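Student: Residue numbers (the working numbering): 74 to 409.
What follows is a structure written as structure tokens; I'll ask about it next.
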Amino acid sequence: MMEIMGSKAKNIRHVIFSFDYELYLGIKSGSVDRCVLHPTASMLNILERHHAKAVFFIDTVWLLMLKEAGTAHTPAAADFHKVAGQIRDMAKAGHYLFPHIHPHWLDAGYLEDLNQWRLYDYSKYHFHALNEEQRDKLFGGSIDLLNEIILPVLPGYKPTAYRAGGWSIEPFSDFEPWFKKYGIKYDFSKIEDCPPYCFTKNMAKDKEGGFAEFPISKVPLLTYTRLCNRVLLKYLWIKGDRGSGDGTGAIAGKMQSEALQGRREKKEQKTEMAAVELLTRARLSAYLKFLKTNTYMQFICHPKMLSQHNMKVFESWMEYAFDTYEIETDFMKMLP
């Protein structure tokens, strides 16, 4: 029976809200409060109002460095305590928490006068640059740290998913041994226009593959929408409605060249990744249309980049989505 109390049952949509829980990755990381704790708390409130489950990818190498710095610097120790507390609260609220590895944190320098970090050496930006001992140490240390923080409040916790730093999951042969060793089954690193799928060791789609990919969605944008958005962003900038983070994402040398090339390519693209920090009033209709025409959607969110405008528009998207569709937000119920 399709009729329920005189109205049709809502269509089902699978929506993943994924977060990169991290500081800025440039010459000034920004503060823990403004880049992580405060904007994440605001997003958690929105998720709670809609009874939505989220997936948080914790920058574990940052936390390993922060914990070590805390042995000599009281402010760093206090930051680690606050971050661990928020992670435990998220676990108790039913959200998923998994590792997110940015290897170049290994060369970060602690700025004692600012209680921030300086990331200036990008030689380890890609996981591929690490030797096997370093790879094992980072994966093992990341898993151990998350277990240390989360198991006391969630005894059954198991970190079974992963997102690569910079979304650089390929070549997957760099990761496969550690996925198998540490029980990682699900990856959230790729940006693709498709629903979740199983894959083999070369990331080719294969129904019999031993791993599953949950892609970040790509939203089509009309030229008119992009032009309107540029005007709106200029207005918001003048108004002071900007991202909450106080860090710097600037990079130098080869990485800067890659970033500039990426910007040039982006100008020619007619899609963008579905990101809360990119969601504006000008883009709202495109994001709603995407949900209408697709049964699967994954948002990515970097709390450090969120503005008040982003969060207000995201709340509008949530209200419409949850009023119009039956929304499933637990990725474990979306397994391919």
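Even glycine gets a Cβ: it sits at the ideal position worked out from N, Cα and C.
Every value quoted in this text rests on a predicted model; they were computed, and no experiment measured them.
From the DSSP output, read off the bridge partner residues of Tyr369.
Tutor: Note: Tyr369 sits in a beta bridge opposite His87.
Student: Confirm, please, whether the CB-CB distance from Met370 to Arg122 is below 8 Å.
Tutor: Their beta carbons are not under 8 Å apart, which means Arg122 does not touch Met370 by this criterion.
Student: Nearest CA to the CA of Tyr259: which residue from Phe272, Leu361 and Trp135?
Tutor: Among Phe272, Leu361 and Trp135, the Cα nearest to that of Tyr259 belongs to Phe272.
Student: Once DSSP output is grouped into helix, strand and coil, what is the label at Pro244?
Tutor: Pro244 falls in the coil class under three-state DSSP.
Student: Candidates Lys291, Ile119 and Glu221: which alpha carbon is nearest Thr366's?
Tutor: Closest option to Thr366, Cα to Cα, is Lys291.
Student: Rounded to a whole number of angstroms, what is the C-alpha to C-alpha distance between Phe287 and His146?
Tutor: Near 39 Å, if we compare the C-alpha coordinates of His146 and Phe287.
Student: List the DSSP bridge partners of Cys374.
Tutor: Bridge partners of Cys374: Phe92.
Student: Ala234 to Ser358, Cα distance in whole Å?
Tutor: Computed Cα separation, rounded: 31 Å.
Student: Please identify the residue among Glu221, Leu179, Gln189 and Leu224 whose C-alpha is closest to the C-alpha of Ala202.
Tutor: The candidate whose alpha carbon is nearest that of Ala202 is Leu179.
Student: Kindly indicate the opening and closing residues of the alpha helix (DSSP H) around Phe153.
Tutor: Phe153 -> alpha helix (DSSP H) spans Thr147 to Lys165.
Student: When you compare the segment 161-169 with the segment 111-129, are there three or more beta-carbon pairs, one atom per stretch, that lie closer than 8 Å?
Tutor: The segment 161-169, when compared against the segment 111-129, does touch it at the 8 Å Cβ threshold.
Student: Leaving out five residues before and five after Asp314 in sequence, what residues of the same chain have Cβ atoms less than 6 Å from its Cβ?
Tutor: Taken in chain order, the residues that qualify are Ser380, Gln381 and His382.
Student: Could you please give the first and the last residue of the uninterrupted alpha helix (DSSP H) stretch that includes Glu350?
Tutor: Per DSSP, Glu350 belongs to no alpha helix (DSSP H) and is neither H nor E.
Student: Quick check on DSSP: helix, strand or coil for Met405?
Tutor: Met405: helix per DSSP, three-state reduction.
Student: Rounded to whole angstroms, what's the CA-CA distance from Leu184 to Ser102? Just pull it up for me.
Tutor: If you take the alpha carbons of Leu184 and Ser102, they lie about 10 Å apart.
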